[in-house]
Amino acid sequence: MKSFNMDQGAGKPDMPKSLYSSGEFARLNGVNKRTLHYYHEIGLFHPAVIGENGYHYYTCFQSVELELIRMLGKLGVPLETIKSYREHPSHTSFSQIAMHQKQLIDHSMEQLMAARAFLQKKSDKLELGMKARHGSVELVSLPAQPILLSSPISGRYDEKDFSTAAEFSLRLRSIFGLFDSFGSRMCLESGKGEHCFFAYGSENSSEQDEIRPAGTYIRAFCIGTWDKLEEVYETIHDFAKSRQLKLSPYSYEEGLNEMALEKAEDYITMITIGCEG
Numbered sequence: 024m025k026s027f028n029m030d031q032g033a034g035k036p037d038m039p040k041s042l043y044s045s046g047e048f049a050r051l052n053g054v055n056k057r058t059l060h061y062y063h064e065i066g067l068f069h070p071a072v073i074g075e076n077g078y079h080y081y082t083c084f085q086s087v088e089l090e091l092i093r094m095l096g097k098l099g100v101p102l103e104t105i106k107s108y109r110e111h112p113s114h115t116s117f118s119q120i121a122m123h124q125k126q127l128i129d130h131s132m133e134q135l136m137a138a139r140a141f142l143q144k145k146s147d148k149l150e151l152g153m154k155a156r157h158g159s160v161e162l163v164s165l166p167a168q169p170i171l172l173s174s175p176i177s178g179r180y181d182e183k184d185f186s187t188a189a190e191f192s193l194r195l196r197s198i199f200g201l202f203d204s205f206g207s208r209m210c211l212e213s214g215k216g217e218h219c220f221f222a223y224g225s226e227n228s229s230e231q232d233e234i235r236p237a238g239t240y241i242r243a244f245c246i247g248t249w250d251k252l253e254e255v256y257e258t259i260h261d262f263a264k265s266r267q268l269k270l271s272p273y274s275y276e277e278g279l280n281e282m283a284l285e286k287a288e289d290y291i292t293m294i295t296i297g298c299e300g
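Laid out in structure tokens, this is it:
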């Protein structure tokens with residue numbers, strides 16, 4: 024490594040204009056000077072020249088090397104891997120690094136998209152809840168929707184039901200990673216089906232148990248504890264009877280504000296039931 028003599032009169036090294044001090048080189052490349060010293064200490068990136076006084080100097084041509092190191096670092100490549108590549112550079116080793124990091128980036132993008140979808144679903148539900156009024160009933164048109172179903176439950180939400188809920192939660196986590204909270208699918212006609220927990224599936228996934236058909240649905244809201252659900256169901260039946268609508272065998276109950284709930288009396292349940300007539 025090249026070194027320079029000190030100018031005894033000036034007290035500064037006789038530095039060629041093609042060299043930059045560590046501070047100048049750091050500013051030129053938008054990095055902290057301490058980063059350059061750290062890279063030097065671990066053997067990753069060295070100054071072109073170390074003066075007899077210990078000062079570090081870099082050439083403008085080293086900016087390309089530093090940018091490669093920073094770029095690989097931003098992509099998550101460990102410094103040890105970058106150091107190994109710089110010690111033994113080749114097309115093959117770089118292609119291996121690039122392929123590995125591309126796979127990691129693709130996976131990260133999938134996770135971010137899943138997180139975005141999760142947050143969007145929560146936001147949509149909260150927006151619905153903010154407009155909800157207890158006992159309000161309306162007709163809505165809904166598209167076909169894949170759903171996943173748990174094992175049957177009693178609907179009493181006893182210890183056995185909560186055990187089923189835990190199993191269903193594990194299943195959803197294994198499929199989706201992040202998943203929206205699930206609801207209850209209740210059979211309205213005795214002997215024609217079973218109660219269970221349900222969750223919405225993805226159109227892009229093969230994981231689905233049934234398709235909730237497209238069509239017209241009654242949508243109602245219950246605000247408060249679950250003991251108020253019965254009166255809302257009575258309102259739904261009166262609504263359907265007055266319009267000569269036949270209800271489908273199942274209702275879908277979903278909580279809308281679990282993540283923004285202060286007390287049980289504020290809990291909002293959305294009830295959705297298919298109808299025709």
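In the numbering used here, the protein residues as written are 24 to 300.
Quick reminder that beta carbons are idealized off the backbone N, C-alpha and C, glycines included.
Problem - Residues bridged to S44 (per DSSP) - result: Residue pairing by DSSP places S44 opposite Y80 in a beta bridge.
Problem - Buried or exposed by the 16-neighbour rule on C-beta atoms within 10 Å, applied to L42 - result: By the neighbour-count rule (16 or more Cβ atoms within 10 Å), L42 is buried.
Handout entry: Exposure label - E133; buried when at least 16 CB within 10 Å
Key = Exposed, since its Cβ has fewer than 16 Cβ neighbours within 10 Å.
Handout entry: Rounded C-alpha distance that separates T104 from R57
Key = Each residue's alpha carbon lies about 21 Å from the other.
Practice task
Check whether the stretch 253 to 263 touches the stretch 184 to 199, counting contact only when three or more Cβ pairs, one atom from each stretch, lie closer than 8 Å.
Solution key: Flag = no, the stretch 253 to 263 and the stretch 184 to 199 do not touch.
Exercise for the section: Keeping to the same chain, check which residues put their C-beta closer than 6 Å to that of F141; ignore five residues upstream and five downstream. Expected result: Scanning its chain for C-beta atoms nearer than 6 Å, with the 5 sequence neighbours on each side dropped, one finds around F141 the residues L201, in chain order.
Handout entry: Buried versus exposed call for L95 [16 or more other C-beta atoms within 10 Å across all chains shown]
Key = It counts as buried.
Exercise for the section: Below 6 Å CB to CB, which residues in the same chain sit around E277 once its five sequence neighbours on both sides are set aside? Expected result: Closer than 6 Å at Cβ, skipping near neighbours: G206 and M293.
Exercise for the section: Evaluate I234 with the Cβ neighbour count: other Cβ atoms within 10 Å of its Cβ, from every protein chain shown; 16 or more gives buried, anything less gives exposed. Expected result: Burial call: exposed.
Exercise for the section: Count the CB pairs spanning the stretch 151 to 159 and the stretch 219 to 231 that are closer than 8 Å, and state whether there are at least three. Expected result: Judged by Cβ distances under 8 Å, the stretch 151 to 159 makes no contact with the stretch 219 to 231, as fewer than three pairs qualify.
Practice task
Provide the residue span of the alpha helix (DSSP H) that contains M282, from first to last.
Solution key: Neither: M282 is in no alpha helix (DSSP H) and is coded neither H nor E.
Exercise for the section: Spatial neighbours of L151 within its chain, please: CB distance less than 6 Å, with the 5 preceding and 5 following residues excluded, ordered by chain position. Expected result: Around L151, the same chain offers L279 as residues with beta carbons nearer than 6 Å, after the five sequence neighbours per side are excluded.
Practice task
Might you give, ordered along the chain, the residues of its own chain that have their beta carbon closer than 7 Å to the beta carbon of Q124, omitting 5 neighbours on each side?
Solution key: L98, G99 and V100, listed in sequence order.
Handout entry: Inter-residue spacing [alpha-carbon to alpha-carbon] between S177 and I120
Key = Each residue's Cα considered, the two are about 54 Å apart.
Problem - Counterpart residues of K286 in DSSP-defined beta bridges - result: DSSP output for K286 lists no bridge partner at all.
Practice task
May I ask which residues mark the beginning and end of the alpha helix (DSSP H) holding V54?
Solution key: From DSSP, V54 is part of no alpha helix (DSSP H); its letter is neither H nor E.
Practice task
Please report how far the alpha carbon of I302 lies from the alpha carbon of C210, in whole angstroms.
Solution key: This structure leaves residue 302 out entirely; the chain is present only between 24 and 300.
Handout entry: Residues of its chain near E281, where Cβ-Cβ distance is below 7 Å and the 5 sequence neighbours each way are ignored
Key = Result list for E281: S204, in chain order.
Problem - Whole-angstrom distance between L171 and Q231, CA atom to CA atom - result: Rounded to the nearest angstrom, the two C-alpha atoms are 5 Å apart.
Problem - Exposed unless 16 or more other CB atoms sit within 10 angstroms - verdict on I296 - result: Flag for I296 reads buried.
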